[in-house]
Amino acid sequence: EYVMQHWKEDFMFGYQFLNGCNPVVIEKCTRLPDKFPVTDEMVSVSLERGLTLEEEIQAGNIYIVDYELLDGIKPNSTDPCTQQYIAAPICLLYKNLENKIMPIAIQVSYSVVKEVYVFSILIFLLLTSFQLKQIPGEDNPIFLPTDAEYDWLLAKIWVRSADFQHHQTVTHLLRTHLMSEMFAIAMFRQLPAVHPAFKLLIPHVRYTIAINTKAREQLICECGIFDKLSEPASSHWVTPNQVLIKDIQQLYFFTHKANATGGGGHVQLVQKGVKSLKFRSLCFPDSIKARGVHRKEDLPTYFYRDDGYKVWEVTKSFVSEVVHLYYKDDDAVKEDEEIQAFVKDVRNFGTQNFEFCEFPKSLKTLGELTEYLTIVVFTASAQHAAVNFGQYDWCSWIPNAPSTMRQPPPNQKGLADVNLIVDSLPDRGRSSWHLGAVWALSQYQESEVDSYVVNVDDDLGEIVLVKLQMKRFLVCDDWYCRYITVKTPSGQCVEFPCFRWLVNDEEVVLRDGREYVMQHWKEDFMFGYQFLNGCNPVVIEKCTRLPDKFPVTDEMVSVSLERGLTLEEEIQAGNIYMADFELLDGVKPNDTDPRTQQYIAAPICLFYKNLENKIIPIAIQLNQIPGEDNPIFLPTDAEYDWLLAKIWVRSTDFQHHQTVTHLLRTHLMSEMFAIAMFRQLPAVHPAFKLLIPHVRYTIAINTKAREQLICDGGLFDKANATGGGGYTQLLQKAMKTLTFGSLCFPGSLKARGVDSREELPTYFYRDDGLEVWEATKRSAFVSTEMIEWSISPGSRVADLLFSLPSFVSEVVSLHYKDDEAVQHDHEIQAFVKDVQKFGMKALDHCGEFKENKNVATVQVTADLTEFPFLCNRVPRGSENTRGAGNVPDRGYFYSFSSARSGQLWTGEINRHRIGRTWFKRTQQKQRRRSLLSTVQFDWCSWVPNTPSTMRRPPPKQKGLADMSLIMNTLPDCGRSAWHLGAVWALSQYQKNELYLGTFPDEHFTEEPAKAAMGRFRQQLADITSSIKRRNEGKELPYYNMSPDKIPNSVAI
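For the sequence shown, the positions run 68 to 1119 when this note's numbering is used.
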């Protein structure tokens, strides 16, 4: 935008020679060349110091840019409908009293090419031998700032067009890409991977040959790759000279489409560029000094030079350190045959042994080696960055950098007007190619990161949300956005986490979840809300009677009860809920750091549904055994007593969520089914086809978790109160409470007494989860005869009919005629038995994890549905870790066993056991996993809301808490940092995430199955729309169970 507004100004014109895309052509003028006869009379009005032009030159205030390399280059003639022209201007620049570089004279001329007159900016007679002669004259006027506005503007546009040609072909292609490739190939051919120079250079040329190959396929050659030349016989790569001097027949694709040097002109230009190339010109300080622009006092705003010096010196210092580590003295360099072969390869094959290039034949000293390697590193990194990544900023406004010109340069003054300028600029088609090219060339490669600043002058008021959309431009290019930070006029920074890919022009709506949590975390409403729609919405349950261990009385809570009823009456009315973290009782706290004592509590929390249908806490007991040293904290207590009690509950909820809800009941359950599936079901089995999308990455991500999270010294040990073995105890206890029925989403809700929408109207986890569950219900493919045959009075099948998932049921019905077919499917039975026997170790308390020959078709269908519900969650960033690998016959958890506490829950434990849940719970897990993982950063990044550990014991009496005690209780900075990193990583979607309803591989080829998939996707889309409508206008929208945000499998 700045370029669009100021491109016509002389200051902007001059500034680009210092800090634009091509800051390597300006040089100090020590004398005017004869071919450029500028006089005092012409420029005196522009000279501000009262000196003559010669005196200004002697004072060092005159600079010159000469595009002599472009003189005589054949313009693009590939389009017979459009004549194109090339200029080779000379531009004189003046440093004024404000130290700004301003243009004061531009020369324009015409060229004679084999007796055919073609206009150019410097007269050039192109004979067969390419001998040039520049001739000033009346038809080659020198344009001045005092000329008519459009004459001067058109002259500057011609300079900008010439600069673009020079930049693309010489500065960028030749002097960075091809030079780097020359060094890279010599390195790969002559230096072994263990050589220190190889180790030093490989990060800087890792992708050079690949990207240059892509350039030859798409940019440099219209037809394909440059022809490979046979000489020298031992060379298997294309040197700059081979490419640029001999391959004139091949066309630069981009230039062919859009550039004035297309149709072969770029080859001529690179030929001339190679002939002017010197080894010392690749040395950054030498090139600056050779152009006379090295003094900061002379050009104080030459930032390319200043920043380049700093990077050069740092790079050279690092290279020098490495060199001195491996070379004792100069003799060691001379005796290193491999480094000498590398240097010789560059000279003999890279530059074809041309003497004029002055590349060294050998290296004799430590200093020479240091400088040589520094040149390679700098050329491939800093120099390329300086001339590449600014292209879109400077060149996307076409008049500032025209890729071609459609009218010849004027050979006299007074003819230019707006129409001539517009007619001279490239047409719309070439401009589109130009824009696409400079945009693509300006992009960072995959995995590189940049920040973008957008200034908004309007008053936006209170920032509620940010909408983000990336429009595709010519090419498909997905971007990953981490976050957006909005700085308000008051200086407040509001952060909107994104952490997702922007694809397909889709609009992403970002709400400031963390900011809201930071502002409201201390409120009782927010505390209660998280038990419904936070990270761990699976522990709250309706209280039908108070347990003896939690002796809450009417007197304690009467002030919180709004309906005028007693506590017992509120319980009977269904308004009291409870969260009991009994599983944490007796779990050993983290003792891996002897300097920091850590603590775990096992609180019980009582909730009340008030008249506004909000769930608010009314009593908290921090341990399981009542007594004087275990008081019941109330909202009427001192502010910090109540706040500290709630913080303890939040910390305990975090431990339960990470270890039980997330790790055990999604990751490990999914893995159990996955291994049984891989071991017992062939890839052609319909159940395998149905389930594979939901366990594709589960084993891989769980392996990664064992290596980095739940291992000795892993993240749990570093940050969590259950580290050091406590999580193993917690998992063992949780396994003893795990039942098959608890994995069924509707059944688990009903078991906790929270299934009624009327009673808990804001339990969105339940509502959206049931919607997604219901999307898989009531098969249209189960015939009436089958239902009648399958159901008998009082049978389990009848009870399961109304939880029958349609998509899964349709698939099952396609492959199983009746219940007998299920019973005779030995592979399905082996799968179920594998889960029961090896996954669940045949533990009776876990319920129906066992072979059941009486299971009907309807039951198998239900089972197959529940498995995806459990499993649909793919690991963030693990897309390259695929497959199950070699699955052992038994003992799936041995790798998860803790050395300090023995095997995990009961030996080989939980991986398979959930066989039927396989079927039944597939969707439960993927949805559950989506909720439990991806929202962690929103809720847990504000550490006081979910402390990963506590450094002071739970309070044993009231009246002692203050802010100092709270701060000393919360985790320290180090553990908080580990905690933040973990919840951030666990909240990420992977690149190219596959969401529920997506089937990346065509396992099902039957048309009925494909039709079922289509209906399933449509149902999910309807649910997504419904959730979006429901969330409109809500301060706390709930998207965690929205199908478009439910990844297909457990993978992070």
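The C-beta atom is built at its ideal place from N, Cα and C for all residues, glycine as well.
Look up A408 in the DSSP assignment and say whether it is helix, strand or coil.
-> By one-based count along the sequence shown, residue 408 stands at place 341. Helix.
E562 - DSSP class collapsed to helix/strand/coil = Along the sequence shown, one-based indexing puts residue 562 at 495. Three-state result, E562: strand.
Residues of its chain near D373, where Cβ-Cβ distance is below 8 Å and the 5 sequence neighbours each way are ignored = Working through the sequence shown from its first residue, we reach residue 373 at position 306. So the list reads K363, once near-sequence residues are dropped.
Given E637, which residues of its chain have a CB within under 8 Å of its CB, disregarding the five upstream and five downstream residues?
-> Position 570 of the sequence shown, counted from the start, is the residue given in the question as residue 637. The beta carbon of E637 lies closer than 8 Å to those of L628, R630, I643 and Y675 in the same chain, with the five residues before and after it left out.
Does DSSP put P170 in a helix, in a strand, or in coil?
-> What you label residue 170 is simply residue 103 of the sequence shown in a count that begins at 1. P170: strand per DSSP, three-state reduction.
Straight-line gap, V902 to R732 (C-alpha atoms, nearest Å) = Position 835 of the sequence shown holds residue 902. Position 665 of the sequence shown holds residue 732. Spanning the two alpha carbons is a distance of roughly 15 Å.
So is K534 buried or exposed if we call it buried at 16+ other beta carbons inside 10 Å?
-> Start at 1 with the first residue of the sequence shown, and residue 534 comes out as number 467. So K534 ends up on the exposed side.
When the Cα of T703 is compared with those of M585, W500, K1025 and E94, which residue comes out closest?
-> By one-based count along the sequence shown, residue 703 stands at place 636. It is K1025.
Examine chain D for any beta-carbon lying closer than 8 Å to the beta-carbon of L502, and answer yes or no.
-> In the structure shown, chain D does not exist; there is a single protein chain.
Where does I153 sit, in a helix, a strand or coil, going by DSSP?
-> On the sequence shown, position 86 is the one that residue 153 refers to. Residue state, collapsed to three classes: coil.
Can you tell me which of the three DSSP states P1110 falls into?
-> Along the sequence shown, read from residue 1 onward, the residue named residue 1110 stands at position 1043. Residue state, collapsed to three classes: helix.
Could you check which residue in Y583, T633, F648 and V576 has the C-alpha nearest to that of N603?
-> Indexing the sequence shown from 1 puts residue 603 at position 536. Ranking Y583, T633, F648 and V576 by Cα distance to N603 puts F648 first.
Cα-Cα, which of F423, T432, S384 and E388 is closest to K401?
-> Position 334 of the sequence shown, counted from the start, is the residue given in the question as residue 401. Closest by alpha carbon: T432.
Count the other CB atoms, across all protein chains shown, that sit within 10 Å of the CB of M802; report buried if there are 16 or more and exposed otherwise.
-> One-based indexing of the sequence shown puts residue 802 at position 735. By the 10 Å Cβ count, M802 comes out buried.
Assign C148 to one of three DSSP states: helix, strand, or coil.
-> In the sequence shown, residue 148 corresponds to position 81, counting from 1. Here C148 sits in coil by DSSP.
Could you check the C-alpha separation between G958 and F905 for me, to the nearest Å?
-> The residue labelled residue 958 in the question sits at position 891 within the sequence shown. The residue labelled residue 905 in the question sits at position 838 within the sequence shown. The pLDDT assigned to G958 is 28, lower than 50, so where the model puts this residue is not dependable, and the model offers no usable value.
Does the distance from the CB of P208 to the CB of W219 come in under 8 Å?
-> Counting from one through the sequence shown, the residue named residue 208 turns up at place 141. Counting from one through the sequence shown, the residue named residue 219 turns up at place 152. No. Outside cutoff.
Can you pull the DSSP bridge partners for E94?
-> In the sequence shown, counting from the first residue as 1, residue 94 sits at position 27. Answer is I131.
Can you give, in chain order, each stretch of the alpha helix (DSSP H) that sits fully within the stretch 719–779 and has at least 4 residues?
-> 736–747, 753–762 and 765–775
Just mark K281 as buried or exposed, buried being the case when its beta carbon has 16 or more other beta carbons within 10 Å.
-> Within the sequence shown, the letter at position 214 stands for residue 281. Exposed, by the Cβ-count rule.
Reduced DSSP category for N919 - H, G, I as helix; E, B as strand; rest coil = As a first step, residue 919 is located in the sequence shown; it is residue number 852 there, counting from the start. Because N919 sits at a pLDDT of 44, beneath the cut-off of 50, its placement in the model cannot be relied upon, and the following sentence gives the value as read from the coordinates. The answer is coil: DSSP assigns N919 none of H, G, I, E or B.
Backbone CA spacing between T1122 and I124 [nearest angstrom] = Summary: the structure shown does not reach residue 1122, with the chain confined to residues 68 through 1119, and so no result is reported for it.
K345 versus D230, E425 and A399, residue with shortest Cα-Cα distance | Here residue 345 refers to the residue found at position 278 of the sequence shown. It is E425 whose Cα lies nearest to the Cα of K345.
Are there three or more Cβ pairs, one per stretch, closer than 8 Å when the stretch 746–753 is compared with the stretch 719–733?
-> With the cut-off at 8 Å, the stretch 746–753 and the stretch 719–733 do not touch.
In terms of residue numbering, what span does the alpha helix (DSSP H) encompassing R227 cover?
-> In the sequence shown, residue 227 corresponds to position 160, counting from 1. R227 -> alpha helix (DSSP H) spans E216 to H233.
Are T663 and R347 closer than 8 Å when you measure CB to CB?
-> Counted from its first residue, the sequence shown places residue 663 at position 596. Counted from its first residue, the sequence shown places residue 347 at position 280. Going by C-beta atoms, T663 is not nearer than 8 Å to R347.
Contacts around H234, its chain only, beta-carbon distance under 6 Å, and the 5 residues preceding and following it disregarded | Locating residue 234 in the sequence shown gives position 167, where the first residue counts as 1. Here the set comprises C88 and N89.
Q559 and T243: beta carbons closer than 8 Å?
-> Position 492 of the sequence shown, counted from the start, is the residue given in the question as residue 559. Position 176 of the sequence shown, counted from the start, is the residue given in the question as residue 243. No.
Tell me, which residues are paired with G204 by DSSP?
-> The residue given as residue 204 occupies position 137 in the sequence shown. Looking at the DSSP assignment, G204 forms a beta bridge with N207.
Would you mind stating whether L818 and T1016 have Cβ atoms separated by less than 8 Å?
-> For the purposes of this step, residue 818 is identified with residue 751 of the sequence shown, where counting begins at 1. For the purposes of this step, residue 1016 is identified with residue 949 of the sequence shown, where counting begins at 1. Per the sequence presented here, residue 818 reads as Ala, with Leu not at that position. Taking 8 Å as the Cβ cut-off, A818 and T1016 do not qualify as a contacting pair.
For N467, I'd like the list of residues in its chain whose CB is within less than 7 Å of its CB, leaving aside the five on either flank, ordered along the chain.
-> Counting from 1 along the sequence shown, the entry for residue 467 is found at position 400. Same-chain partners within the cutoff: V70, W74, R227 and W461.
If we count the other Cβ atoms within 10 Å of its Cβ and call it buried at 16 or more, is L678 buried or exposed?
-> One-based indexing of the sequence shown puts residue 678 at position 611. Looking at its Cβ environment, which holds fewer than 16 other Cβ atoms inside 10 Å, L678 is exposed.
Under a Cβ-count criterion, where at least 16 other Cβ atoms within 10 Å of its own Cβ denotes burial, should L53 be classed as buried or exposed?
-> The question about residue 53 has no answer, for the chain in this structure spans 68 to 1119.
Of the residues F445, H882 and Q725, the one placed nearest V378, counting alpha carbons only | As a first step, residue 378 must be located in the sequence shown, where it is residue number 311. If we check each option's Cα against that of V378, F445 comes out closest.
Along the beta strand (DSSP E) that carries D647, what are the first and last residues, could you check?
-> Taking the first residue of the sequence shown as 1, we reach residue 647 at position 580. Unbroken beta strand (DSSP E) run through D647: I643 to D647.
With 16 as the cutoff for other CB atoms within 10 Å, does L527 come out buried or exposed?
-> The residue labelled residue 527 in the question sits at position 460 within the sequence shown. The residue in question, L527, is exposed, as its Cβ has fewer than 16 Cβ neighbours within 10 Å.
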